[in-house]
Amino acid sequence: MSKVHVNDIDLFYDIKGQGEPLLLIAGFLCDHSYWSLIMPSLVDQYQVIRLDNRGMGRSSAPDSPYSIQQMAKDVAALLDHIGIDQVNVVGHSMGGQIAQELVLTHPGRVKSLILLSTLAKGDGRFNHVIETWGDLPGNIDLKLYEKVLFPWVFTDEFYAIPDMVEQLIEWAVNYPFAPATHTIYHHSRAILSSDTQDRLHKIHCPTLILVGRQDILTPVKFSEQLAQGIPHAELLVLDRGGHGILIESSDTVISAILKFLGQLQPLM
Numbered sequence: 002m003s004k005v006h007v008n009d010i011d012l013f014y015d016i017k018g019q020g021e022p023l024l025l026i027a028g029f030l031c032d033h034s035y036w037s038l039i040m041p042s043l044v045d046q047y048q049v050i051r052l053d054n055r056g057m058g059r060s061s062a063p064d065s066p067y068s069i070q071q072m073a074k075d076v077a078a079l080l081d082h083i084g085i086d087q088v089n090v091v092g093h094s095m096g097g098q099i100a101q102e103l104v105l106t107h108p109g110r111v112k113s114l115i116l117l118s119t120l121a122k123g124d125g126r127f128n129h130v131i132e133t134w135g136d137l138p139g140n141i142d143l144k145l146y147e148k149v150l151f152p153w154v155f156t157d158e159f160y161a162i163p164d165m166v167e168q169l170i171e172w173a174v175n176y177p178f179a180p181a182t183h184t185i186y187h188h189s190r191a192i193l194s195s196d197t198q199d200r201l202h203k204i205h206c207p208t209l210i211l212v213g214r215q216d217i218l219t220p221v222k223f224s225e226q227l228a229q230g231i232p233h234a235e236l237l238v239l240d241r242g243g244h245g246i247l248i249e250s251s252d253t254v255i256s257a258i259l260k261f262l263g264q265l266q267p268l269m
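Note that the numbering used here has the sequence shown beginning at 2, numbered continuously upward.
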């Protein structure tokens with residue numbers, strides 16, 4: 002685990018495993034630890050790079066506007082620092098927006114793209130929800146905030162597991178690297194201002210798009226729009242899971258990721 006100074010911030014990152022480089026970019030309110038459930042299966046075959054986006058975890062959290070483009074520049078600078086020319090990229094939710102921007106601005110750096118529960122551009126309901134999530138911190142306590150968010154992330158089946166949601170909420174409330182109020186606001190506005198819809202046709206690397214059929218935050222139609230816009234993209238709709246598919250359907254997600262990556266030609 003290390004830090005590098007890029008673009009006027011200290012960016013936290015972690016590298017584990019050997020093999021082709023595989024970059025994991027987390028989403029809104031999440032840091033590198035979000036990928037923990039699937040890490041054991043990945044590090045056996047890949048050099049896995051995780052980071053805390055600016056404002057998250059142990060990275061710097063400047064109180065100034067953020068953008069998806071800016072966070073993609075942070076990622077590119079990290080790859081420069083590590084000395085990686087080309088990488089497979091996985092992005093979840095906001096991390097998927099960052100991944101799209103990365104491949105659009107640095108097409109030669111991205112060998113393949115895996116987009117989980119993400120979007121090119123939000124609709125009215127999505128924008129309303131994200132705007133509200135950005136405005137709420139500071140007005141309610143963290144535990145209540147998580148209770149407001151979680152129904153958008155997890156399914157009825159997940160809520161039916163005794164104490165599962167309560168344990169996750171307690172973990173989030175007690176997490177030592179929780180984001181600051183201003184970070185939550187700036188990230189929400191970065192999400193809202195991002196739009197790759199008219200540029201998707203410029204993405205030419207092999208692309209896999211995954212979404213849970215029960216995702217009500219970034220619904221299936223968002224992934225269908227991505228698949229229609231990105232040439233030759235593969236769309237996989239998972240029968241089980243909502244927005245939090247990395248938690249609810251981690252085994253299915255890792256199987257799909259490994260199958261997709263295994264079909265690619267190895268980096269020379």
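Virtual Cβ for every residue (Gly too), placed ideally from N, Cα, C.
Sub-8 Å separation of residue i and residue j beta-carbons
i, j, result
"R214", "D196", "no"
"A27", "G96", "yes"
"S42", "L211", "no"
"G18", "V49", "yes"
"P138", "I185", "yes"
"L114", "H93", "no"
"F159", "E249", "yes"
"G243", "F155", "yes"
"R55", "L12", "yes"
Where residue i falls: helix, strand or coil (DSSP)
i, result
"Q87", "coil"
"T197", "coil"
"K122", "coil"
"T182", "helix"
"D15", "strand"
"Y47", "strand"
"L30", "coil"
"L38", "coil"
"S189", "helix"
"H6", "strand"
"L236", "strand"
"L52", "strand"
With 16 other Cβ atoms within 10 Å as the buried cut-off, status of residue i
i, result
"F261", "buried"
"N140", "exposed"
"D1", "Any question about residue 1 goes unanswered here, given that the chain covers just 2 to 269."
"T219", "buried"
"V76", "buried"
"H187", "buried"
"W36", "buried"
Nearest candidate by alpha-carbon position, reference residue i, set the options
i, options, result
"S189", "R110, F127, V5, Q101", "F127"
"D32", "G18, Q46, S61", "S61"
"E167", "E158, F151, Q98", "F151"
"V44", "V174, F159, D15", "D15"
"L79", "P108, L24, A191", "L24"
"E21", "V88, G245, S3, K122", "V88"
"R110", "D81, H129, E132", "D81"
"W153", "D216, H187, S34, L201", "D216"
"V238", "K122, A161, T253", "T253"
"H183", "Q46, N54, P66", "P66"
"D1", "M72, S251, K112", "What the structure shows of the chain is the stretch from 2 to 269, and residue 1 is not part of that stretch, so it cannot be assessed."
"V91", "M165, P207, S68, Q266", "P207"
"H6", "T106, I204, Y35, L52", "L52"
"L201", "A191, S224, H187, F13", "S224"
"D199", "I231, Y176, A257, L193", "I231"
"V174", "H205, L145, I39, G135", "L145"
Span of the alpha helix (DSSP H), counted from its first residue to its last, around residue i
i, result
"R126", "125-136"
"G96", "95-106"
"G230", "221-230"
"K148", "143-154"
"L169", "165-175"
The beta strand (DSSP E) enclosing residue i, as first and last residue numbers
i, result
"T253", "Segment 251-263 is the alpha helix (DSSP H) holding T253; no beta strand (DSSP E) there."
"I26", "21-26"
"L209", "208-213"
"I115", "111-117"
Contact test: residue i Cβ vs the ligand SAM heavy atom, cutoff 7 Å
i, result
"Y186", "No copy of the ligand SAM appears in this structure; indeed no ligand is present at all."
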